[in-house]
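*Asks:*
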Amino acid sequence: MILGKALLIKLGSVYLALLLIFLMMDVNARPANMSAHKDKSPNSKEENEILPPDHLNGLKMEMDGHLNKDFHQEVFLGKELEEFEEDSEPRRNRKKLKDIFSKVDINKDKSVSAKEMQRWIMEKTEEHFQEAVKENKLNFRAVDPDGDGHVAWDEYRVKFLASKGFNEKEVAEKIKNNEELKIDEETQEVLENLKDRWFQADNPPADQLLNEEEFLSFLHPEHSRGMLKFMVKEIVRDLDQDGDKKLTLSEFISLPVGTVENQQAQDIDDDWVRERRKEFQEVIDANHDGIVTEDELEEYMDPMNEYNALNEAKQMIAVADENQNHNLELEEILKYSEYFTGSKLMDYARNVHEEF
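Counting with mature numbering (1 follows the signal peptide of the UniProt record, and there is no 0), you get residues -29 to -1, 1 to 327 for the letters of the sequence shown.
(1) Are the beta-carbon atoms belonging to residue 224 and residue 244 less than 8 angstroms from one another?
(2) Tell me, please, which residues DSSP counts as bridged to residue 123.
(3) Would you identify the three-state DSSP class for residue 219, choosing helix, strand or coil?
(4) In angstroms with no decimal places, state the Cα-to-Cα distance between residue 308 and residue 86.
(5) Cα separation between residue 265 and residue 214?
(6) What is the DSSP secondary structure of residue 38, reduced to helix, strand or coil?
(7) Does residue 32 come out as helix, strand or coil in the three-state DSSP assignment?
(8) Taking 8 angstroms as the threshold (C-beta atoms), are residue 168 and residue 23 in contact?
(9) On the three-state DSSP scale, how would you describe residue 162?
(10) Quick check on this structure: which residue in 68, 35, 170 has the alpha carbon closest to the alpha carbon of residue 123?
(11) Check residue 268 in the structure and name its three-state DSSP category.
(12) Identify, in the order they occur along the chain, each residue of the same chain with its Cβ nearer than 7 angstroms to the Cβ of residue 304, setting aside the five sequence neighbours on each side.
(13) Inspect the CB distances between the stretch 180 to 193 and the stretch 102 to 112 and report whether three or more fall short of 8 angstroms.
(14) What residue does the alpha helix (DSSP H) around residue 275 start on, and which one ends it?
(15) State the Cα-Cα distance for the pair residue 315 and residue 160, rounded to the nearest angstrom.
(16) What residues are listed by DSSP as bridge partners for residue 262?
(17) Look at the alpha carbon of residue 250 and the alpha carbon of residue 280, and state the distance between them as a whole number of angstroms.
(18) How is residue -6 classed by DSSP in three states: helix, strand or coil?
(19) Whole angstroms are fine: how far does the CA of residue 80 sit from the CA of residue 313?
(20) Classify residue 268: buried if its beta carbon has 16 or more other beta carbons within 10 angstroms, exposed otherwise.
(21) Quick one: what's got a C-beta closer than 8 angstroms to residue 12's C-beta in the same chain, skipping five residues either side?
(22) Tell me residue 75's beta-bridge partners as DSSP assigns them.
(23) Could you tell me the alpha carbon to alpha carbon distance between residue 277 and residue 287, rounded to whole angstroms?
(24) Per the contact definition of three or more C-beta pairs closer than 8 angstroms, is the stretch 24 to 43 in contact with the stretch 204 to 221?
(25) Using a beta-carbon distance below 8 angstroms, is residue 33 in contact with chain B?
(26) Quick one, which of 248, 88, 258 has its alpha-carbon nearest residue 297's?
(27) So, for residue 177: in the same chain, excluding its five sequence neighbours on each side, which residues have a beta-carbon less than 8 angstroms away from its beta-carbon?
(28) Judging by CA-CA distance, which residue of 25, 29, 39 is the nearest neighbour of residue 246?
(29) Any heavy atom of the ligand COA closer than 7 angstroms to the Cβ of residue 164?
(30) Pick helix, strand or coil for residue 299, following the three-state DSSP scheme.
(31) Shortest alpha-carbon distance to residue 92 belongs to which of 66, 212, 119, 42?
This is how it looks when you write it as structure tokens:
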């Protein structure tokens, strides 16, 4: 009898331990094929300087083919995006929004039209472009320490592996002597993908060296039509299941084989599929034939496409256009602030009268 009680107590302890482990698990984890939230603070500054980022500001899609969740905020706020992320004080954010509204409203009629929003989107996209150019000067310096204005693939490879924890001098020596590098399979695969991109960024006549402008294309393919095409081909290759170099709706929204552990994870999957289906059918598939070609995806990805900017302006207006006049008034932007800025003005209803 005493032994039975001891056994029960022991089993109870095991059960509590397992329950604790279960409760500590991240039930909010995204599906296996979804990008995690963008890493605002990379682990290694050096790696961040020389490795092409997955996320590019002002592009509708990530480099890995996932939709950019912050796109609307990026093309509405431009370089002011970080200020809204860091500052959640509603009164100050309302003032910032009012200032932005007055800048978008060129004709000062207290209403923003699709044309005015289109012009603003193009301006904010250009801001992201200029910011990338500025950062690239520092990035290029990190891989061109001798300052000769050119970087060879092997020089870049040494810097990349050093950022991954390899001994820079040892790697450089082995590459110089054509000795075999002991690299894990995952790192080797990343290197091969980077090499393809590196040589794609090498403008003709190809000399296997990248100057500062070519290095910008390597890190930011949106700055080069040729690199934009290359990025599109990579995305299609990753999503295309039958090898026809086109995307069907089912290919675009498909989730990898996996087990849904709980209802919350299932809901996240469902939302992700719903968003991708809507984007595919209403935006990317321009001729609505149920197939997305590389050309259609390239037009969709092109951040300086004025037609896309106008389309985007109309969609952004439609989200907050409560009076259905196809324009946006300040009250509407303030009310739907979370869509435009990522910052929800919780006390909007209480403070709206003092604003007007």
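For every residue, glycine included, the Cβ atom is placed at its ideal position computed from N, Cα and C.
*Replies:* Taking the definition as stated:
(1) yes
(2) 180
(3) strand
(4) 20 angstroms
(5) 13 angstroms
(6) strand
(7) strand
(8) yes
(9) helix
(10) 170
(11) helix
(12) 68, 72, 291, 311
(13) yes
(14) Run containing residue 275: none; DSSP gives neither H nor E here.
(15) 41 angstroms
(16) 219
(17) 15 angstroms
(18) Here residue -6 scores only 41 on pLDDT, less than 50, and its place in the model should not be relied on; the value that follows carries that caveat. Three-state result, residue -6: helix.
(19) 26 angstroms
(20) buried
(21) Low per-residue confidence applies at residue 12: pLDDT is 37, beneath 50, and the placement is therefore not dependable enough to give any value.
(22) In DSSP, residue 75 forms no bridge with anything.
(23) 15 angstroms
(24) yes
(25) Absent from the structure is chain B; it holds one protein chain and no more.
(26) 88
(27) 170
(28) 39
(29) As presented, the structure is devoid of all ligands, the ligand COA included, so that no description of it is given.
(30) strand
(31) 42
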